[in-house]
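In what follows, a structure is listed as structure tokens, so that the remarks can point back to it.
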Amino acid sequence: MVAQFFIKPHKETYGRAIHSAAAYAMNDEFSRVLSQQMEHYTNDPNADRINRLKGEMSQVRTAMLDNINKVLDRGDRLELLVDKTATLQGNTLRFRRQSRRVRNTMWWRNVRLTYVNFNQTAFV
1 MVAQFFIKPH KETYGRAIHS AAAYAMNDEF SRVLSQQMEH YTNDPNADRI NRLKGEMSQV
61 RTAMLDNINK VLDRGDRLEL LVDKTATLQG NTLRFRRQSR RVRNTMWWRN VRLTYVNFNQ
121 TAFV
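Numbering of the sequence shown is given in UniProt numbering, commencing with residue 1 and proceeding in unit increments.
This is how it looks when you write it as structure tokens:
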């Protein structure tokens, strides 16, 4: 692609000689064109814009990757929170059953003690 971009403007000047030239045959003629092109891309403000845009794109890419990593970390934390919630819900149900059992046991003990006290006072 770069070769096409570079050769295309000079194709009219050099014509078919580009395709049939031997290696290094056009060095003398083409070194002037090459130095002009190098000067152009070294000092051209548009070339600087391209580098600036590449830098900005790199920063945007880095920011997006950071955001994606943060979202993935957040997803992991949410998954952990869901697991803890499910465990807590199971513990809540177990606590409720045990507390009902204890309450019923204590109620029956109270009923028995009341019955025993009532019988003792009745016989005395």
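All C-beta atoms, glycine included, are put in the ideal place defined by N, C-alpha and C. Here the structure is a predicted model, which means the values were calculated and not measured.
If only uninterrupted alpha helix (DSSP H) runs of at least 4 residues are considered, none is enclosed by the segment 56 to 100. Counting only the Cα atoms, Lys-70 lies some 42 Å from Ser-99.
In this structure, DSSP gives Asp-44 a state outside helix and strand, which the three-state scheme calls coil.
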